[in-house]
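K.L.:
I have a structure here, written as C-alpha cells, and I will follow up with some questions on it.
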Amino acid sequence: MKYDVIIVGAGASGLTAGISAARKGASVLIIEQKEKAGKKILATGNGKCNFTNKYQSLDCYRCDDSTFVSKVLSNFDMTKTLKFFEELGIYPKERMGYIYPNSEQASSIVSVLLMECDKLNINIVYNEKVTKISRPDFTLTTVNEDKEENIYKGKKLILATGGKASPNLGSDGSGYKLAERFGHKIIKPLPALVSLKSPDKFCKSISGVRCPAKVMAYADSKLLSYEEGEIIFTNYGISGIPIMQVSRYVAKALDTGKKVYIELDFMPGKSEEEIFQILKSRCKNSSKNLEQMLVGMFNHKLNYVMIKKGKLDPGQLIIKDKDLMRLKDEIKSFRININDTNTFEFAQATRGGVATNEINPMTMESLLKDNLFITGELIDVDGTCGGYNLQWAWSTGYIAGNHILV
Ligand SMILES: Cc1cc2nc3c(=O)[nH]c(=O)nc-3n(C[C@H](O)[C@H](O)[C@H](O)COP(=O)(O)OP(=O)(O)OC[C@H]3O[C@@H](n4cnc5c(N)ncnc54)[C@H](O)[C@@H]3O)c2cc1C
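Residue numbers for the sequence shown follow our numbering, so the first one is 2 and each next one is one higher.
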C-alpha cells in the first residue's frame, strides 16, 4: 500500500500533523521508533504538560529569522491550539500564563491525541526506526530491535523526528541525517534549556542552595543574555529556570571558543549604594564577626563562599568600608566561570537544526524537495521555558498536515 503521507515520529508535531492530514482525507502512516507515542510529551512540565502559554511574543521563540516564526504562528497560533485541544477533550487550566490540562496529567494530552488518531484510522507502527529514505519517493526503510527491515511507501513525507534533547525519550538526532539526505543544511545542534557546568570548586560546597537572582551571561566580557528567577547551585555548576533560559546563548558562545562566565546579582532590586548601606548598618554597634554579620541575609553556605571569594576573613571583627565594598561586589556581581553546558541527555530543547530559509513557513514544505515537510524541534527554532516548544510543535505539525493535499 502507498500511503498519502508517511510521518516519521509519533511525538508532539508528528501526532498533530497526522490528525490534520487525516482530517483532510489523507491515508496516514506514522512510524515511531519507541514502544509508544509521545514519550517526550509525558515528561513535559514535570509530568503535567505545560502545553502552551497565554502570553505569546516572538521573543519566546529563538532563531535568526523571526519573520519565519511569525508566519508560522500567525497560521496556527495559541488560540487555535487551545481550540484544537478543547475539541479533543482537554479542559485547560492557566497559571501565570502557563497552560496545562486541568487534569495536570501529560498523559491526558497523549491520550486525546491517540483517541483522535484512532478515530481517523491513522496507522501507527511502533518499535521501528526509519534508517533510509530512497527513490521512488518516498520509500522508507525501517529497522526493528531484531534488525529486521520493513519497507513503506508514501506520496508525501513529514519529518517530525524532534531534535537531540533527551534522546532517551526518542529524539536521538537521526532526523538530521534524514533531512540532509534531501540536501537540507543543518545548523549545528547544541543543547538548549540546560544547566551549566563550572570548573569553580566552590560550586560543590554550595550544592543544593537555591536563591533568587538576576542571571547575566557573558562571553568575552560581552553581555549575551539575562534573566531573573530562582537559581540552584549543583555539584557540577548551576541550574534553575533563568540558567536554562540563557543556556542556548552560552552553548553557542562555548562552541565558538569564547570565554564564558555568569554573573549573579543576589539583590537586583537594590543599588550598589543601598547594599553598601545595608551592610554598614548591620556592622554598626555590633560585636559580630563578618560571617555572623551576614547571617539572615543569604543562605549561610553562600555567605561563607561570598566572604572567601571576596578574599575576606569570615572571623574578622574589624570590618572596614573597603571590606564591605568587596562584599557588596560579591552580592551584586557574583561570578561563576562556565566551561560547558550539561549534555543533550539533560537538555529540554535543541538549538540549531534544519535551516529555516529552506522551509516554506506557510506550509512547512521543504523548498528543496517537493512533498517533503519538516516540523517541530527538528527545525532551527527553540522556545523559552513556558510552553513555547510544544506550541512550536503543535503549530508546525498542524500546518504541515493541513497542507497535505490529496
Ligand atoms: C524533560 C522535558 C520537559 C519538557 N517540558 C516542556 C514543557 O513543559 N513545555 C514545552 O512547551 N516544551 C517542553 N519540552 C520540550 C518539548 O517536549 C519538545 O520541544 C517537543 O516535544 C518537540 O516535539 P517534536 O514533535 O518536534 O519532537 P518529539 O516530541 O521529540 O518527537 C519526536 C519523535 O520522533 C521519534 N523518532 C525520532 N527519530 C526517529 C526515526 N528515525 N524513526 C522513527 N521515529 C523517530 C522519536 O522517538 C519521538 O517520539 C520538554 C522537553 C523535555 C525533554
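All C-beta atoms in this analysis are idealised placements derived from N, C-alpha and C, irrespective of residue type, glycine included.
Would you call the CB atoms of A180 and I187 closer than 9 Å?
P.N.:
Position 179 of the sequence shown, counting from 1, holds the residue named residue 180. Position 186 of the sequence shown, counting from 1, holds the residue named residue 187. Yes. Within cutoff.
K.L.:
Let me check you understand the geometry: is the CB of Q392 closer than 8 Å to at least one non-hydrogen atom of ligand 1?
P.N.:
Translated into the one-based positions of the sequence shown, residue 392 becomes position 391. At least one heavy atom of ligand 1 is nearer than 8 Å to the Cβ of Q392, so yes.
K.L.:
Ignoring anything shorter than 3 residues or poking outside the region 183-229, list the beta strand (DSSP E) runs there in chain order.
P.N.:
As far as the region 183-229 is concerned, its whole beta strand (DSSP E) runs of at least 3 residues are 187-193, 211-220.
K.L.:
If I152 sits next to T140, beta carbons under 8 Å apart, how far is it from one beta carbon to the other, in whole angstroms?
P.N.:
Against the sequence shown, residue 152 aligns to sequence position 151. Against the sequence shown, residue 140 aligns to sequence position 139. At roughly 6 Å, the Cβ-Cβ gap stays under 8 Å, so I152 and T140 are in contact.
K.L.:
Any idea if L59 is buried or exposed, counting beta-carbon neighbours within 10 angstroms, 16 or more meaning buried?
P.N.:
Locating residue 59 in the sequence shown gives position 58, where the first residue counts as 1. Answer is exposed; the Cβ neighbour count stays below 16.
K.L.:
Could you compute how far the alpha carbon of L291 sits from the alpha carbon of I332?
P.N.:
Within the sequence shown, the letter at position 290 stands for residue 291. Within the sequence shown, the letter at position 331 stands for residue 332. Their backbone Cα atoms lie some 14 Å apart in a straight line.
K.L.:
Look at the Cβ atom of T82, then the Cβ atom of Y389, and state whether they are nearer than 9 Å.
P.N.:
For the purposes of this step, residue 82 is identified with residue 81 of the sequence shown, where counting begins at 1. For the purposes of this step, residue 389 is identified with residue 388 of the sequence shown, where counting begins at 1. No, Cβ-Cβ distance for T82 and Y389 is not below 9 Å.
K.L.:
Hey, how far is the Cα of Q392 from the Cα of R336?
P.N.:
If you number the sequence shown from 1, residue 392 lands on position 391. If you number the sequence shown from 1, residue 336 lands on position 335. Straight-line Cα distance between these residues: approximately 35 Å.
K.L.:
Terminal residues of the continuous alpha helix (DSSP H) containing K302?
P.N.:
The sequence position of residue 302 within the sequence shown is 301, counting from 1. That run of the alpha helix (DSSP H) goes 301-310.
K.L.:
For a test of your reading of the model: does the CB of T357 fall under 8 Å from any non-hydrogen atom of ligand 1? Yes or no.
P.N.:
On the sequence shown, residue 357 is found 356 positions in, with the first residue counted as 1. No.
K.L.:
If we ignore side chains and look at the alpha-carbon of each, how far apart do K49 and A348 end up?
P.N.:
As a first step, residue 49 must be located in the sequence shown, where it is residue number 48. As a first step, residue 348 must be located in the sequence shown, where it is residue number 347. Their backbone Cα atoms lie some 18 Å apart in a straight line.
K.L.:
In the DSSP assignment, what are the bridge partners of F335?
P.N.:
By 1-based counting over the sequence shown, the position of residue 335 is 334. F335 pairs with L265.
K.L.:
Can you name the start and end residues of the beta strand (DSSP E) that P102 belongs to?
P.N.:
Here residue 102 refers to the residue found at position 101 when the sequence shown is read from its first residue. Looking at the DSSP string, the run of the beta strand (DSSP E) that includes P102 is 99-102.
K.L.:
Given that a residue counts as buried once 16 or more other Cβ atoms are within 10 Å of its Cβ, and exposed if not, what is R96?
P.N.:
Within the sequence shown, numbered from 1, the residue matching residue 96 stands at position 95. When all chains shown are included, R96 counts as exposed.
K.L.:
On the DSSP bridge list, what partners appear for G398?
P.N.:
Numbered from 1 along the sequence shown, position 397 holds the residue referred to as residue 398. Answer is none; G398 lacks a bridge partner.
K.L.:
Would you please state the rounded distance, in angstroms, between the beta carbons of K35 and Y127? I believe it to be under 8 Å.
P.N.:
Within the sequence shown, residue 35 is the residue found at index 34, counting from 1. Within the sequence shown, residue 127 is the residue found at index 126, counting from 1. Sure, about 7 Å apart at Cβ, within 8 Å.
K.L.:
Short check: CB of E378 to CB of S14, under 9 Å?
P.N.:
Here residue 378 is taken as the residue at index 377 of the sequence shown, counted from 1. Here residue 14 is taken as the residue at index 13 of the sequence shown, counted from 1. Closer than 9 Å, so yes.
K.L.:
Would you check if the region 154-171 and the region 308-324 touch, i.e. whether three or more CB-CB distances between them fall below 8 Å?
P.N.:
The region 308-324 is not in contact with the region 154-171.
K.L.:
Just checking E378 against ligand 1 - is the residue's beta carbon closer than 8 Å to any of the ligand's heavy atoms?
P.N.:
Counting from one through the sequence shown, the residue named residue 378 turns up at place 377. Checking every heavy atom of ligand 1 against the Cβ of E378, one is found closer than 8 Å.
K.L.:
Over what stretch of residues does the alpha helix (DSSP H) that includes N343 continue unbroken?
P.N.:
Locating residue 343 in the sequence shown gives position 342, counting from the first residue. Careful: N343 lies outside any alpha helix (DSSP H) and carries neither H nor E.
K.L.:
Rounded to the nearest angstrom, how far is the Cβ of V210 from that of L303, given a contact under 8 Å?
P.N.:
What you label residue 210 is simply residue 209 of the sequence shown in a count that begins at 1. What you label residue 303 is simply residue 302 of the sequence shown in a count that begins at 1. 5 Å between Cβ atoms; contact.
K.L.:
Ends of the beta strand (DSSP E) at T140?
P.N.:
To locate residue 140, count along the sequence shown from 1; it is residue 139. From DSSP, the beta strand (DSSP E) with T140 extends over 140-144.
K.L.:
M351 bridges to which residues according to DSSP?
P.N.:
Reading the sequence shown from its first residue, position 350 is the one you call residue 351. The amino acid occupying residue 351 in the given sequence is Thr; Met does not appear at that position. T351 pairs with P192.
K.L.:
If you measure between the beta carbons of R352 and A252, is that distance less than 9 Å?
P.N.:
In the sequence shown, residue 352 corresponds to position 351, counting from 1. In the sequence shown, residue 252 corresponds to position 251, counting from 1. Their beta carbons are under 9 Å apart, which means R352 touches A252 by this criterion.
K.L.:
Shorter than 8 Å, the distance from the beta carbon of I32 to the closest heavy atom of ligand 1, or not?
P.N.:
In the sequence shown, counting from the first residue as 1, residue 32 sits at position 31. True, at least one ligand heavy atom lies under 8 Å from that Cβ.
K.L.:
Quick check on the burial criterion: 16 or more other C-beta atoms within 10 angstroms. Buried or exposed for S175?
P.N.:
Residue mapping note: residue 175 aligns to position 174 of the sequence shown, counting from 1. The residue in question, S175, is buried, as its Cβ has 16 or more Cβ neighbours within 10 Å.
K.L.:
In chain order, what residues of the same chain have a beta carbon less than 7 Å from the beta carbon of Q246, not counting five sequence neighbours either side?
P.N.:
Here residue 246 refers to the residue found at position 245 of the sequence shown. Here the set comprises E228, T385, C386.
K.L.:
So I42 and V111 are supposed to be a Cβ contact under 8 Å. How far apart are they, rounded?
P.N.:
Taking the sequence shown and counting its residues from 1, one reaches residue 42 at position 41. Taking the sequence shown and counting its residues from 1, one reaches residue 111 at position 110. So it is a contact: roughly 5 Å between Cβ atoms.
K.L.:
Hey, L368 and I360 are a contact pair by Cβ (cut 8 Å); roughly how many whole angstroms apart?
P.N.:
One-based indexing of the sequence shown puts residue 368 at position 367. One-based indexing of the sequence shown puts residue 360 at position 359. Yes, L368 and I360 are in contact; Cβ-Cβ is about 6 Å, under 8 Å.
K.L.:
Thinking just about the alpha-carbon of each residue, which of I339, F267, E264 is nearest to the one in L255?
P.N.:
Here residue 255 refers to the residue found at position 254 of the sequence shown. Ranking the options by Cα distance to L255, first place goes to I339.
K.L.:
Which residue wins for smallest C-alpha separation from G274, given the options G230, K323, G258, D173?
P.N.:
Counted from its first residue, the sequence shown places residue 274 at position 273. Here residue 274 is Glu; the residue named in the question, Gly, does not match the sequence. Ranking the options by Cα distance to E274, first place goes to K323.
K.L.:
Under DSSP, the alpha helix (DSSP H) around D66 begins and ends at which residues?
P.N.:
Locating residue 66 in the sequence shown gives position 65, counting from the first residue. It is not in any alpha helix (DSSP H) - D66 carries neither H nor E in the DSSP assignment.
K.L.:
Closer than 8 Å: is that where the CB of K333 sits relative to any heavy atom of ligand 1?
P.N.:
Taking the sequence shown and counting its residues from 1, one reaches residue 333 at position 332. Every heavy atom of ligand 1 is 8 Å or more from the Cβ of K333, so no.
K.L.:
When we look at the beta-carbon of P137 and count the other beta-carbons within 10 Å, is it buried (16 or more) or exposed?
P.N.:
By 1-based counting over the sequence shown, the position of residue 137 is 136. Answer is exposed; the Cβ neighbour count stays below 16.
K.L.:
Grab the span of the alpha helix (DSSP H) containing S14 for me, first residue to last.
P.N.:
Counted from its first residue, the sequence shown places residue 14 at position 13. It spans 13-24 - the alpha helix (DSSP H) in which S14 sits, taken as one unbroken run.
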